[in-house]
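Asks:
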């Protein structure tokens, strides 16, 4: 293009550079030649190189690059060319280009080359280069090229994250053998791994460091590098490697720095590891003397506070001033508040907070957050709002965790509509902290209500607000799947999320999956998942062990049935469960309780009381239900002795309220009614003490601003921190909280006495003292507690079974008032159905039997049972109660022969609807009508053997590799015979096996990785091996080909705040009665959305958060096909 300006030629050259047509290449070459060498820009050379490559003349780029480099403008062209030859592993051409590289510094060249290199093939390219170097001499220039490429790869996080641990170690071994690797390469690689926010990626930095220490034994690592390792270990709460790094600092530098000691102490204190905290602190004092900073002594307090050990926390608190000569600051006082909070001592929290103010310590947002969190946990909305107003008065910066407590308080009062409004309002506020937790609280509450539509709405709102889901968000979604019987789908989703590094699978996530399998009675999967928990986390935590104990109880009871032995006998023994209990308690790691994640099964008890009380509660309840009183009492005494009581008189004071209820059941079954009363006399005052609101009204009244200074709410505009009234959400905010009369107990505790009260009422009735029941119920109500539908049903049944006509009349009167407004008709009641209360989500019908139709306004059997735990005060009449009433009515009719029907007429005036309903009772051949109405001898129920149902089994568990499906037609392997079968991960070695490949392993090498990180690295290696082979992926194999739609679900136990269900009436119907249910009703309709609908919805949510991949795509296709 002679005569055209040079810039026009450059533009035309750029336009033609990517064309593969020969004509376009010739034109590009002509244009390039017409540009005088002195006027050629770096882009001209680059575009010409692109044209050579597009035309298939890649080797002509070498001469072009040589010309460009000679002109001093060759860096972009050279970088493009050498990157091409590197990506295609053409090492002779690469070496030729390397020999003519520009004179720029290496980091500048890396900058040019990086944009053209393919990160996905970097590891394969480097391995190919190592093979090429083996054939070259020791003075080959390609060695410098290898160092150059290694420096680039080890400094690029994307490349390292895409490279498996096994491949990474292979690269280090190969290049170290070639004498190419330098200590700088190791340090750069470790630094890059440290910079990752993914735990699995960071864990590899320890593996690389161990490899460095073996490969380059004489080299000294920088102190800064070791210090950064400890800081990152602390941030990820990985404690196993901390002692090792401290020893390395001592080995190379004489002693660890103060900063290293500080972070080591923080790490162990966060896990509640008191022994390691004390030992490391003693070493610190030996190396550096007494601490001069409070940051070095606060871990001494926090290690005890995490476990709720108040006395030891106080002792360490006093040491701050008495031994170290330091004045406790706000952080120290906050840790003391945390100790009381974890001990569930609300009065102790407020007493300490007042002492804090009296000592001139100014509380911060965290101080107020601890107070508000404890009140919110009890559902005390008013006190939460008062404390928030006090924080505003003291000019404390409002933080998001403080606002989380308002949402939590409303949720604990079942006011989810207000809680959602508060969360929505908080999105427009300028406060410090993330809003994700408050929306997660909403998700969890909707998940427990099986409100799938609200879950979808909340997740959509979170996405619209830019709130990124975290591990608790996905945990709530997985719980939703578990509750609707889709545990296998939840397990697969957890595997996909973990392997895609979207979340890190913790034992809490495992507990959710394990809960689903225990609920489904899939004991094979319970065994597989629990075995994986032991392999991955080494020592199972509280919830996992509790769930497995329940499965062992199921197993023992089934074994008794299979052996033809009676399950209701004083001599019954649950041998496997007892063995598991003793081993679990002996091997339990108390640091597992020092977690901020929820502990399912603890029933809102402090961690120090939940363990091991909940374990004994399950065992005592199981024995008590079956009449084995002596064994139940022995277990109770065993628990008491383990608590080291000061005297026998305080045994009942030591036992938690729930454990007392379990003992009451054992006494009741053994007809020890006086002991039942003794337990009640201990439980009732203790419940009043626990449920009583904190006595801080007067103190808060003096601290709060006057009513005139509180602004009214302004919901119509954005809320700001300057308007405290906006925080105190509610219609009555303009009134001072101190002017309102608080209820005698906290709203969240109003059902606390449900179980012990019903047991006590039965004991009074069984010893023919029904008149006392009236007094007990009145006392309970005066104290502020609320009777549940189960309590009122028990009340009605016990009065109806009384010999006194006055008691029977009152039974009819109570039933008329409480239950008849919700009577669903016999066609529904005989099946265990009930009216659907207002606010019940329609999606709760997904837990019902899919073949049993019902009206949309009716709750099915499973839904009614489940919702009674969500809304215990909604009165649901039961079939059993009405049979009791029918039995009493027979007595009235028999006496009518004598009194001329006067009693019957009087009864009809009191309860006309009840009598009419009882009169319409259908004749059923089942035990309650047989015993109570037809005076026949009681016989045991012939229930369906749910443990004999076939379940889908995947031997790979959650994260295991190489699992196999065990279908419905295959022979079941008893759980006890699987101990040495189906192992997918062999953990006979340690993490050093990976880091010291091919070399001598020293005896008893010190571990540097936590068990779960070691497990994950081994899984990653197995996955890499399978990808390189022709074996099918787990995602393809893990699919059940048949769904057992007849699988019965079990009542919610672990997730129920009331613990094991002691109700004796919900499951009374015999197999004969169940067989009489109408299979094809005219009003039969699909019970809400099918479970697969939400699986697809959840998968779509997951896929929207993940980059498109084969795993997610296959998962979505499989669920859609289902």
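In the working numbering, the protein residues as written are 839 to 1960. Glycine residues also receive a C-beta, built at the ideal position from the N, C-alpha and C atoms. Bear in mind the structure is a predicted one, so any value in this text is a computation, not a measurement.
(1) Quick one: Cα of residue 898 to Cα of residue 930, how far?
(2) Starting from residue 1255 and walking both ways along the alpha helix (DSSP H), at which residues does that stretch end?
(3) Have a look at 1037, 845, 892, 859 and flag the residue whose alpha-carbon is nearest the alpha-carbon of residue 1963.
(4) Ignore the nearest five residues each way along the sequence and tell me which others in residue 1399's own chain have a CB closer than 6 Å to its CB.
(5) With DSSP as the reference, identify every bridge partner of residue 1673, one or two as the case may be.
(6) Just mark residue 1819 as buried or exposed, buried being the case when its beta carbon has 16 or more other beta carbons within 10 Å.
(7) Can you check whether the CB of residue 1601 is closer than 9 Å to the CB of residue 1468?
(8) What is the DSSP secondary structure of residue 1393, reduced to helix, strand or coil?
(9) Look at the alpha carbon of residue 1804 and the alpha carbon of residue 1863, and state the distance between them as a whole number of angstroms.
(10) Rank 1018, 1003, 1053, 1024 by C-alpha distance to the C-alpha of residue 1039 and give the top, closest one.
(11) Between residue 1248 and residue 1684, what straight-line distance do the alpha-carbon atoms span, to the nearest angstrom?
(12) Buried or exposed: where does residue 1731 fall if 16 or more other Cβ atoms within 10 Å of its Cβ makes it buried?
(13) Within 10 angstroms of the Cβ of residue 1965, are there 16 or more other Cβ atoms? Answer buried if so, exposed if not.
(14) Please state whether DSSP places residue 1804 in a helix, a strand or coil.
(15) Sort 1297, 1624, 1417, 1144 by Cα distance to residue 1172 and report the nearest one.
(16) Go ahead and pull the three-state DSSP assignment for residue 1791.
(17) Return the CA-CA distance between residue 1465 and residue 1668, expressed in angstroms with no decimal places.
(18) Let me check understanding here. Comparing Cα to Cα, which of 967, 909, 957, 1044 lies closest to residue 939?
(19) Which complete alpha helix (DSSP H) runs does the segment 1114-1175 hold, if anything under 4 residues is left out?
(20) Give the single residue among 1520, 969, 877, 1528 whose Cα lies nearest to the Cα of residue 1582.
(21) Does DSSP put residue 1549 in a helix, in a strand, or in coil?
(22) Could you check if residue 1523 is buried or exposed, using at least 16 other CB atoms within 10 Å of its CB as the buried criterion?
(23) Starting from the C-beta of residue 1513, find all residues in its chain whose C-beta is less than 7 Å away, skip the five residues before and the five after it, and write them out in chain order.
(24) Tell me, please, which residues DSSP counts as bridged to residue 1270.
(25) Using a Cβ-Cβ cutoff of less than 8 Å, which residues in the same chain neighbour residue 1444 once the five nearest sequence positions on both sides are dropped?
(26) I'd like to know if residue 1505 contacts chain C, where contact means its C-beta is closer than 9 Å to some C-beta of that chain.
(27) Are the segment 948-963 and the segment 981-994 touching, with three or more C-beta to C-beta distances below 8 Å?
(28) Taking only runs that begin and end inside the segment 927-1011, name each unbroken alpha helix (DSSP H) of 4 or more residues, in chain order.
(29) Only counting the same chain, and skipping five residues up and downstream in sequence, which positions put a Cβ closer than 6 Å to that of residue 1560?
(30) May I have the straight-line CA-CA distance separating residue 1728 from residue 1744, to the nearest angstrom?
(31) Ignore the nearest five residues each way along the sequence and tell me which others in residue 1089's own chain have a CB closer than 7 Å to its CB.
(32) When the Cα atoms are used, what is the spatial distance from residue 968 to residue 1366?
(33) With a cut-off of 8 Å on the beta carbons, I'd call residue 1799 and residue 1872 a contact; round off their distance for me.
(34) Does DSSP put residue 1446 in a helix, a strand or coil?
(35) Assign residue 1898 to buried or exposed, taking buried as 16 or more other Cβ atoms, counted over all protein chains shown, within 10 Å of its Cβ.
(36) Around the C-beta of residue 1761, are 16 or more other C-beta atoms found within 10 angstroms, so that it is buried, or is it exposed?
Replies: Straight from the coordinates:
(1) Rounded to the nearest whole angstrom, the CA to CA distance from residue 898 to residue 930 is 14 Å.
(2) For residue 1255, the enclosing alpha helix (DSSP H) has its first and last residue at 1254-1264.
(3) Past the edges of the chain, shown from 839 to 1960, lies residue 1963, and the structure says nothing about it.
(4) Closer than 6 Å at Cβ, skipping near neighbours: no residue.
(5) 1696
(6) At residue 1819 the pLDDT is 40, less than 50, meaning the model places this residue with poor confidence and gives no usable figure here.
(7) no
(8) helix
(9) 23 Å
(10) 1003
(11) 27 Å
(12) exposed
(13) Lying outside 839 to 1960, the shown extent of the chain, residue 1965 is not represented and no answer is given.
(14) strand
(15) 1144
(16) Here residue 1791 sits in strand by DSSP.
(17) CA-CA distance, residue 1465 to residue 1668, rounds to 29 Å.
(18) 909
(19) 1136-1143, 1148-1160
(20) 1528
(21) Here the model assigns residue 1549 a pLDDT of 43, short of 50, so the residue's position is not dependable and the matter cannot be decided.
(22) Burial check for residue 1523: the Cβ neighbour count within 10 Å stays below 16, so the residue is exposed.
(23) 1505
(24) Per DSSP, 1237.
(25) Once the five neighbours on either side are set aside, the close Cβ partners of residue 1444 are 1146, 1180, 1181, 1182.
(26) In the displayed structure, chain C is absent; only one protein chain is listed.
(27) yes
(28) 929-937, 944-952, 960-972, 980-992, 995-999
(29) Because the pLDDT at residue 1560 is just 42, under 50, the model does not fix this residue reliably, and the value given afterwards should be weighed accordingly. Sequence-distant partners of residue 1560 (beyond 5 residues in either direction) whose C-beta falls short of 6 Å from its own C-beta are missing from its chain.
(30) 15 Å
(31) none
(32) 42 Å
(33) 7 Å
(34) helix
(35) Any reading at residue 1898 must be qualified, since the residue scores a pLDDT of 38, below 50, and its modelled position is unreliable; no value is offered.
(36) exposed
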